[in-house]
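Below is one structure, written out as structure tokens, with a few remarks after it.
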Amino acid sequence: MKFFIILLLPIFINASSLELLIENAKASHLSLTAIEHKLNSVDDEYEITKNFSNPVLSLSISDIQLGDISNRSIEPMQFTALNFKQKIPYFGKRYANGKKVLAKKYKVYMTLQEAKVTLVREIKLSAYAIWEVEQQLKINDEYLDLINQNIELYDAYNISSTSAHMGLMSAELTLSQLKIKKSKLSAILESLYKKISYLSNLNVTQINLDMQIKEPKSIYYYLDYISSNKTYKIKEASIKVANADIAIKRLDKNIDPSLQVGYYYRDNFKDYVNIGVSFSLPIYGTENSKEQISRKMALSYKSEAIDFKNQLNSRIFDMHENLKDSYRIYNIINKESLPQIEHMTDLSSTSVKNGAELFVYTYILEKQLILNEQSINSVAAYYKSIANLDALIGEMK
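Taken in order, the sequence shown gives residues -4 to 392; the numbers are from the working numbering.
Following this line, the structure appears as structure tokens:
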């Protein structure tokens, strides 16, 4: 039974809700999977920080007498040695390296979250663009039918005056323009459905959207969540990585001793063991210079984060103004302009039998079409602004 449900799933998802598209994209899009693999690889990198560096094992044969190469008992200096050398990291260095890797992991994780936000935003914008084009096509078809009906009505009266002829030509020209617009809109719609199918990782042929307009949220709602922006989080993570790197560079000034143990075998003489300890000498100031480089990088990341947050604040204000502007335009069109022109349309449609009036009626229909399209555009712009604002505060729903 489960097998048949899986087979039928594409049929059910053809008419999709926006929420379904978003959730499926977050669960299965390959661009996110690629980042998840990177995130998993950091876990392996963290495990490496717990290890010591690889030891060195060496075999040496000393004092080979060229006159008798095979004889290894001529003198006590002839020996065969097996040496083992291990570098011992200074206390705290492995912990510091692990802390840096964990900071790096958080940065990769926030990169994944940023990619999800971007994906959700693109799905929303594509969905709203699809709604916009479909509504335009619907309105376009309605006006095609109206123009056709009135041309047929005009032909039935068979009026042959010059003004009537001009009215007919104007109506037929409008009809041609509407057909051209329909062709272009249909091509755009097909492209948008292909795009949203790719983004959602589903075969989408229809989207169910509730595009009701209501008063926008306050600007302060978005400003309160400004620190949740995922790009800003990445910049904060870069600061954490840089600070962890400073701690590593500071510890690098402490010497890592290397312990060496050697076993020496000698023919006809007693074997013996050598133990040695070696240190690198930080006498040239390289470690200090590296620490200063890391500190300057951390300061650079902090400045970038502050500057980005200021830019983000400005972008939220700009986008919120776009949102309010779309809301105002929608109300002006639907509460003032459209009722007036609908009244004019009703008056002129009752006397289309006169050719001159057909010309006027066609002109009014064109104006009404423009207003309806502007209303549709304002609704789409309203929701696109919300999608952009949501993305700016890191929203992933």
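The beta carbon of each residue, even a glycine, is placed where N, CA and C say it ideally should be. Quick caveat: nothing in here was measured; it's all calculated off a predicted structure.
Would you mind stating whether residue i and residue j have Cβ atoms separated by less than 8 Å?
{"i": "L180", "j": "Q131", "result": "yes"}
{"i": "S121", "j": "I191", "result": "yes"}
{"i": "L16", "j": "V128", "result": "no"}
{"i": "S223", "j": "G389", "result": "yes"}
{"i": "A375", "j": "Y123", "result": "yes"}
{"i": "N269", "j": "Y260", "result": "no"}
{"i": "G280", "j": "A76", "result": "no"}
{"i": "M206", "j": "Y101", "result": "no"}
{"i": "Y325", "j": "S289", "result": "no"}
{"i": "V103", "j": "K225", "result": "no"}
{"i": "K95", "j": "A239", "result": "yes"}
{"i": "A293", "j": "I241", "result": "yes"}
{"i": "I229", "j": "E109", "result": "yes"}
Residue i bridges to which residues according to DSSP?
{"i": "V355", "result": "Bridge partners of V355: none, in fact."}
{"i": "N399", "result": "Nothing about residue 399 can be reported from this structure: the residues present for the chain run from -4 to 392 only."}
{"i": "N203", "result": "S12"}
Please name the residue in the options whose C-alpha comes closest to that of residue i.
{"i": "L141", "options": "Y377, Y356, S380, I125", "result": "Y356"}
{"i": "M391", "options": "M105, Q73, T44", "result": "M105"}
{"i": "S195", "options": "N238, L114, K176", "result": "L114"}
{"i": "K80", "options": "S222, F47, M72, G93", "result": "F47"}
{"i": "D39", "options": "K99, K119, Q144", "result": "K99"}
{"i": "E137", "options": "Q363, N383, A386", "result": "Q363"}
{"i": "S68", "options": "F264, A242, Y101", "result": "F264"}
{"i": "L384", "options": "H24, R116, D302", "result": "R116"}
{"i": "S284", "options": "K248, Y267, M314", "result": "K248"}
{"i": "G271", "options": "M164, L254, P277", "result": "L254"}
{"i": "Y227", "options": "S373, S332, K304", "result": "K304"}
{"i": "Y296", "options": "K235, L163, L52, S373", "result": "K235"}
{"i": "I56", "options": "N203, D262, R323", "result": "D262"}
{"i": "I83", "options": "S273, I208, L387", "result": "S273"}
{"i": "E167", "options": "N135, N143, L187, S65", "result": "N143"}
How far does the alpha helix (DSSP H) with residue i in it reach, from first residue to last?
{"i": "T246", "result": "Checking the sequence shown, residue 246 turns out to be Leu, not Thr. L246 -> alpha helix (DSSP H) spans 225 to 246."}
{"i": "L61", "result": "That residue, L61, is in no alpha helix (DSSP H); it is neither H nor E in DSSP."}
{"i": "I56", "result": "Looking at the DSSP string, I56 is not in any alpha helix (DSSP H); the run it does join, the beta strand (DSSP E), is 51 to 56."}
{"i": "F312", "result": "281 to 327"}
{"i": "L218", "result": "214 to 219"}
{"i": "I30", "result": "25 to 44"}
Does any CB atom of chain C fall closer than 8 Å to the CB of residue i?
{"i": "R116", "result": "Going by chain labels, chain C is absent from the structure shown, which holds only one protein chain."}
Consider the C-beta atom of residue i and the heavy atoms of the ligand SAH; say whether any pair is separated by less than 7 Å.
{"i": "I241", "result": "Because no ligand of any kind appears in the structure shown, any question about the ligand SAH cannot be addressed here."}
Hey, which unbroken runs of the alpha helix (DSSP H) at 4 residues or more fall wholly within the segment 76 to 153?
-> Listed in chain order, the complete alpha helix (DSSP H) runs (minimum 4 residues) inside the segment 76 to 153 are 88 to 152.
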